[in-house]
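Residue numbers (our numbering): 64 to 702.
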């Protein structure tokens with residue numbers, strides 16, 4: 064929404080054009096054309112009645128249209144604006160690889176205090192002055208090493224320069240050709256098409272010179288050289304001793320300007336001696352005016368949006384009145400003759416393509432609309448992927464037909480959970496580009512994940528198969544225990560049934576004895592007494608047996624509860640004992656760790672402060688990776 068407080072003109076000086084516009088219209092408004100020679104012989108008040116109107120008199124309404132068109136055009140040029148837009152930052156992507164000589168000859172003191180100090184200072188000044196572009200640093204002696212890859216952070220490289228010296232180089236020598244070869248690898252691995260190489264050296268051997276020419280032949284890179292040293296040269300002082308050759312003579316390191324200048328000129332570069340000013344840097348730094356060598360960085364800035372183009376749309380119909388009559392009616396009839404638009408965005412289609420509209424929607428975060436607007440399959444798939452329409456994105460990426468498209472299709476299938484389809488898509492990408500590392504990595508990750516899932520499924524099945532026999536055994540044991548309880552209950556029931564049986568036998572005997580009541584009355588009484596006594600004894604036995612069983616069950620319950628309490632108490636004691644042991648172990652470990660930490664800190668204090676130690680280890684690591692096994696011959700220069 065427009066706010067009056069933010070309204071202003073971006074180019075207000077264009078408003079000065081209103082002054083000549085007003086003067087022009089004012090002059091034309093009051094301009095009266097002459098009627099010819101008749102005015103010289105006939106008075107004016109009579110001439111207007113005698114002359115026939117030819118229609119050549121100036122009409123007033125075109126002047127008004129002219130003034131309006133002038134006003135609108137001037138306001139458009141002034142740039143009315145009331146809102147800001149966020150724009151990406153474009154930086155130069157032209158790469159520059161600096162190859163720095165780290166041979167022992169840099170200890171020569173023909174440049175005060177010595178060549179090494181002057182070279183490092185000049186390199187820091189160069190990095191400070193180079194505001195844009197990618198910069199890499201390579202140091203060489205007997206072997207070349209990448210100190211810093213191509214980056215736009217010059218301050219990081221400047222911090223590494225402080226620790227550079229010939230002493231940290233794993234192999235002594237002066238192999239500039241290996242430094243150039245390392246620089247070519249950095250440039251070839253970069254996305255930029257071109258690049259420059261800046262060689263900072265104090266000399267190149269003849270054999271090495273021929274190798275450099277072969278390396279730079281048929282390459283798009285320019286070679287510039289900064290000479291370090293003087294023509295007269297100076298001895299090389301290492302550890303307060305002068306360096307001597309194999310014959311015992313003192314080595315004098317001299318600068319061969321003509322050789323270095325010819326080499327730079329041959330490969331489209333420039334040569335300069337090292338100076339105390341910035342003239343050498345200004346001469347050797349590549350120009351970064353080419354807008355094609357730019358890249359978009361992860362930074363943005365706000366800029367006022369020029370709305371003047373809307374006013375130009377109003378100037379167009381006014382301009383039509385200047386050369387053709389009847390234009391107004393034609394303009395009004397044009398919309399009537401237009402066919403019905405096929406889509407609601409026909410107005411946007413007049414000014415932007417579908418892909419441009421989709422790019423705008425994608426920049427605003429409207430991925431769903433962008434997916435509908437894009438016609439390019441790659442951009443359409445990207446929008447669908449960001450809107451989590453993975454299957455549709457996979458179909459769009461498949462239409463590209465290139466390795467990048469199949470790679471993106473595999474990513475879409477992977478996010479959709481279709482691992483087999485994703486692996487097939489990665490295989491298609493690798494068929495088109497066998498060196499596609501990202502596709503190889505993602506394919507391997509999915510294959511490993513698929514194997515893990517299969518292993519987990521197999522483990523689950525095996526665990527289920529193992530659990531089924533255990534469950535059968537448990538059920539069998541439960542059945543056995545239930546059967547045992549039933550047998551005990553039956554035995555107890557049989558014991559309880561025995562008194563009834565005795566009573567039945569006794570009743571039978573009583574019935575037999577009652578057949579002769581008159582003859583055996585005394586005997587019957589005795590038998591009754593005996594029967595009562597036996598029944599009472601049997602009842603006592605039954606009661607005693609049942610009480611014994613109850614006491615036995617109660618004892619069993621008491622024993623079980625006592626055992627359970629003993630087990631719980633034992634487990635609690637064991638848990639408490641384990642907790643105590645863990646606490647003691649933690650205390651011991653804490654004391655040991657604190658003691659060990661104190662010992663480590665004491666050892667660290669005894670380590671000397673060497674800022675170049677880390678860089679030295681880095682160079683040694685690179686040396687081991689290269690597996691440098693070539694032995695230097697006796698004739699090879701070691702400085």
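C-beta atoms are modelled at their ideal positions from N, C-alpha and C, and glycine is treated no differently. Being a predicted model, the structure only gives us computed values, none of them experimental.
Item, Value
"Let's see if you can read the secondary structure: which residues bound the beta strand (DSSP E) around residue 473?", "Taken as a continuous stretch (DSSP letters only), residue 473 belongs to no beta strand (DSSP E), being part of the alpha helix (DSSP H) at 466 to 478."
"Work out the CA separation of residue 171 and residue 303 for me, nearest whole Å.", "12 Å"
"May I ask you to report which of helix, strand or coil DSSP gives residue 168?", "helix"
"Does DSSP classify residue 226 as helix, strand or coil?", "coil"
"CA-CA distance, residue 417 and residue 456?", "18 Å"
"When you compare only the Cα positions, how much space is there between residue 312 and residue 501?", "57 Å"
"Return the chain-ordered list of same chain residues with a C-beta closer than 8 Å to the C-beta of residue 183, the five sequence neighbours on each side being excluded.", "224, 225 and 227"
"When you compare the CB positions of residue 465 and residue 505, do they come within less than 9 Å of one another, or not?", "no"
"Residue 489 lies in the alpha helix (DSSP H); which residues open and close that run?", "482 to 495"
"Looking only at its chain, what residues have a beta carbon closer than 6 Å to the beta carbon of residue 470, apart from the 5 residues adjacent to it on each side?", "492 and 502"
"Report the three-state DSSP secondary structure of residue 235 (helix, strand or coil).", "coil"
"Since residue 686 sits in a beta bridge, which residues does DSSP pair it with?", "Answer is none; residue 686 lacks a bridge partner."
"Report, in whole angstroms, the separation of the C-beta atoms of residue 781 and residue 76, which I expect to be a contact under 8 Å.", "Residue 781 lies beyond the range of the chain shown here (64 to 702); nothing can be said about it."
"Who are the near neighbours of residue 462 in its chain, counting only those whose CB is closer than 6 Å to its CB and skipping five residues on each side?", "440"
"Rounded to whole angstroms, what's the CA-CA distance from residue 231 to residue 207? Just pull it up for me.", "12 Å"
"Would you call residue 426 buried or exposed, if buried means 16 or more other Cβ atoms sit within 10 Å of its Cβ?", "exposed"
"When you compare the CB positions of residue 264 and residue 288, do they come within less than 9 Å of one another, or not?", "yes"
"Going by C-alpha to C-alpha distance, which of 248, 479 and 337 sits closest to residue 181?", "337"
"Would a C-beta distance cut-off of 9 Å place residue 430 and residue 447 closer than the cut-off?", "yes"
"For residue 221, which of 161, 484 and 91 has the nearest alpha-carbon?", "161"
"From the DSSP secondary-structure annotation, give me the bridge partner or partners of residue 261.", "161 and 287"
"For residue 472, is the classification buried or exposed, using 16 other Cβ atoms within 10 angstroms of its Cβ as the cut-off for buried?", "buried"
"What residues are listed by DSSP as bridge partners for residue 36?", "Outside the displayed range of the chain (64 to 702) lies residue 36, so it cannot be described from this structure."
"For the structure I just gave you, are there three or more beta carbon pairs, one from the segment 202 to 217 and one from the segment 126 to 146, closer than 8 Å?", "no"
"Could you pull the start and end residues of the beta strand (DSSP E) that residue 75 belongs to?", "Element bounds for residue 75: n/a, residue is neither H nor E."
"Straight-line CA distance for residue 352 to residue 341?", "For residue 352, the predicted structure reports a pLDDT of 47, less than 50, and the residue's modelled location is therefore unreliable. A value from the coordinates is still provided. Taking the straight line joining both Cα atoms gives about 20 Å."
"Just verifying my parser: in three-state terms, what is the DSSP assignment at residue 604?", "Unreliable positioning characterises residue 604 in this predicted model, as indicated by a pLDDT of 43, which lies under 50. A coordinate reading is not provided."
"Would you mind stating whether residue 478 and residue 451 have Cβ atoms separated by less than 9 Å?", "yes"
"Measuring CB to CB, does residue 242 end up less than 9 Å from residue 163?", "yes"
"Could you tell me the distance, in whole angstroms, from the CA atom of residue 245 to the CA atom of residue 200?", "10 Å"
"Does any heavy atom of the ligand ATP sit closer than 8 Å to the C-beta of residue 443?", "The ligand ATP is absent from the structure shown, which contains no ligand whatsoever."
"Thinking C-beta only, is residue 165 closer than 9 Å to residue 141?", "no"
"Tell me which same chain residues have a C-beta within less than 7 Å of the C-beta of residue 720, skipping the five on either side of it?", "What the structure shows of the chain is the stretch from 64 to 702, and residue 720 is not part of that stretch, so it cannot be assessed."
"Just to check my reading of the structure: residue 138 and residue 374 have Cβ atoms closer than 8 Å, yes? What is that Cβ distance to the nearest angstrom?", "6 Å"
"Could you give the first and the last residue of the continuous alpha helix (DSSP H) run that contains residue 450?", "That residue, residue 450, is in no alpha helix (DSSP H); it is neither H nor E in DSSP."
"Output needed for residue 305: all residues of its chain with C-beta closer than 6 Å, excluding positions within five of it in sequence on either side, in chain order.", "298 and 313"
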